[in-house]
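Protein chains: 2
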Amino acid sequence: MTITITAFERSPDGGKGLARDTRVRWALEEVGQVYQVRLVSFRAMKEPAHLALHPFGQIPTYEEGDLVLFETGAIVFHIAERHAGLLPVEANARARAVSWMFAALNTVEPPILELGTARLLEGDKPWTRQRLPLVEERIRIRLSQLSTRLGDADWLDAAFSAGDLMMVSVLLRLRSSGILDEFPKLAAYVARGEARPAYKRAFDAQLAVNTGKPLTG
Amino acid sequence: MTITITAFERSPDGGKGLARDTRVRWALEEVGQVYQVRLVSFRAMKEPAHLALHPFGQIPTYEEGDLVLFETGAIVFHIAERHAGLLPVEANARARAVSWMFAALNTVEPPILELGTARLLEGDKPWTRQRLPLVEERIRIRLSQLSTRLGDADWLDAAFSAGDLMMVSVLLRLRSSGILDEFPKLAAYVARGEARPAYKRAFDAQLAVNTGKPLTG
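Here the protein sequences come in this chain order: P and S.
Be aware that the first sequence starts at 1, since it is given in this note's numbering, and climbs by one per residue.
Be aware that the second sequence starts at 1001, since it is given in this note's numbering, and climbs by one per residue.
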């Protein structure tokens, strides 16, 4: 069955790979599944046809036969569950990899989202300059804990998994802030993720869209 | 095998059921699994023994034989996957229920967490009174979208699932703000969740801990 995902017609990051379709593209590349991409404009994202697929009017969505999914974590998990390569076979190791997916999205990403919100939506507010260091400090607490747990390992729990895919994707959002580089072990961890051939293919595919030269994914 | 979870020795909410162990207790009650609770003090949560279970020094954790899990979403998913009652059997419906779990934790909860942070960690800052309406408005956008999708249905996707358990739990955090009551369909949805016998048992168990009368869960 054909897999179709949605992505921004033009990503707000101009092709830096930070839009969430990159996470889904990466997962599909890791497990070797071909996919099609339907590009959606900002206006179309808020219209009924797209809201029927994604109640919060965002990208990506995932269509495969009768199945329609939204929410990146769920899409990546669905891909990881149905194809070998992103989750360990052993039950306990698999449950731990799922823990890291949720930790990336519900513990590490929220303070990072807050930084994005502070800059993008409150960048012109009189308090933002004073407030940003507090937001950044909350991110540092999480990153310090994560770095301690990772230690000198390559990945969070033995082999690369969907948990690492999600954590690396979340941490990539921090690179432009300089905060990631304060944690050399995490910066090296993110670099290992980016060095994976599947990541590179995913990145190049979204870049092609955003530089006006769409590829078939 | 015995299931042991961790919870606050004394919850910051004083027993309102908003600490995340309530979500795990609720899931265990829904599937009829008995469990033990180990209470952890704020100090002990940041010490090596607990950090070995939970790298971010939080509760709950989940221990079952050799398996150690952290992160509420992952724990609830693990319970839902292994016991009947929280996920549909049909594969596509099951994937959609998982979508709602991730949507609760990564799309709806982050702005709600931001409101909590604004009040608890920035409550004394000069900007907070002016800033709170902006944070609240971002929550309203999500709740409006969620309410539209829910419509007049009892649950988010046909039968009650782990997705509803998580969404109701996330929305409960908003009750004291008054924002939830601006969306009558969502307020009724949350009330349906709270009316479930399994929720009541979970709530009562955490309340007993926080009022100094520990029960065995």
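Note that CB positions come from ideal geometry on N, CA and C, so glycine has one too.
In this text, all values refer to a predicted model and were calculated from it rather than measured experimentally.
- Scanning S:W1155, S:A1093, S:E1030 and S:A1188 for the CA closest to the CA of D66 (chain P) turns up S:A1093.
- One alpha carbon belongs to E1064 (chain S), the other to R119 (chain P), and they sit about 43 Å apart.
- F77 (chain P) and P1126 (chain S) have their C-alpha atoms roughly 42 Å apart.
- When secondary structure is reduced to three states using DSSP, A1187 (chain S) falls in the helix class.
- Using a CB distance cut-off of 8 Å, D1124 (chain S) does not count as an interface residue toward chain P.
- Between the beta-carbon of I59 (chain P) and that of R10 (chain P) there is about 12 Å, and that puts the pair past the 8 Å contact cut.
- Looking from the CA of L86 (chain P), the closest CA among P:D204, P:L134, P:Q33 and P:F56 belongs to P:Q33.
- One thing to note: R1192 (chain S) has its Cβ within 8 Å of the Cβ of D1154 (chain S).
- Of the other Cβ atoms in all chains shown, 16 or more fall within 10 Å of the Cβ of T22 (chain P); this residue is therefore buried.
- Burial state of Q1130 (chain S) is exposed, judged by a 10 Å Cβ sphere holding fewer than 16 other Cβ atoms.
- Apart from the 5 residues on each side of it in sequence, P12 (chain P) sits with its Cβ closer than 8 Å to the Cβ of A19 in its chain, given in chain order.
- Across the set S:M1166, S:K1046, S:D1124 and S:S1176, the C-alpha of S:M1166 shows the shortest separation from the C-alpha of T1107 (chain S).
- Around the beta carbon of E1137 (chain S), fewer than 16 other beta carbons lie within 10 angstroms, which makes this residue exposed.
- With contacts defined by Cβ atoms closer than 8 Å, F70 (chain P) and L53 (chain P) form a contacting pair.
- For F1042 (chain S), the uninterrupted alpha helix (DSSP H) segment begins and ends at F1042 to M1045.
- When beta bridges are read from the DSSP output, V1037 (chain S) appears opposite S:I1005.
- Shown in chain order are the members of the segment 142 to 158 of chain P whose Cβ falls below 8 Å from a Cβ of chain S: R142, Q145, L146, T148 and R149.
- Here V68 (chain P) is bridged, per DSSP, to P:E63.
- Taking a cut-off of 8 Å on C-beta distances, the segment 1025 to 1040 of chain S does not touch the segment 1174 to 1185 of chain S, as fewer than three cross pairs fall below it.
- Cβ neighbours of V1068 (chain S) within its own chain (closer than 6 Å, five residues either side excluded): L1053.
- Fully contained in the segment 1047 to 1124 of chain S are the following beta strand (DSSP E) runs of length 3 or more, in chain order: 1061 to 1064 and 1067 to 1070.
- Taking 8 Å as the upper bound on Cβ-Cβ separation, chain P lies near no residue of the segment 1160 to 1181 of chain S.
- Taking a Cβ-Cβ cut-off of 7 Å, the neighbours of T1107 (chain S) in chain P comprise F56 and E71, given in sequence order.
- Using a CB distance cut-off of 8 Å, R131 (chain P) counts as an interface residue toward chain S.
- A Cβ-Cβ distance of about 6 Å is found for the pair G17 (chain P) and Q206 (chain P), placing them in contact under the 8 Å criterion.
- Around the beta carbon of P48 (chain P), fewer than 16 other beta carbons sit within 10 angstroms, so the residue counts as exposed.
- In the structure shown, L156 (chain P) adopts coil according to DSSP, grouped into three states.
- Interface criterion not met: the Cβ of W26 (chain P) is under 8 Å from no Cβ in chain S.
- Contact check for T1211 (chain S) and G1015 (chain S): beta-carbon distance about 6 Å, within the 8 Å limit, so the pair qualifies.
- In terms of beta-carbon proximity, E1090 (chain S) stays away from the interface with chain P, with every pair separated by 8 Å or more.
- Contact note: D1066 (chain S) reaches chain P through N92, using a C-beta cutoff of 9 Å and chain order.
- For P1126 (chain S), no alpha helix (DSSP H) run applies, since DSSP gives it neither H nor E.
- Using a Cβ distance threshold of 8 Å, S1161 (chain S) and A1097 (chain S) count as a contacting pair.
- Residue burial annotation: Q1145 (chain S) is buried, with at least 16 other C-beta atoms found within 10 angstroms of its C-beta.
- L1186 (chain S) sits close to S1147 (chain S), with the two beta carbons spaced by under 8 Å.
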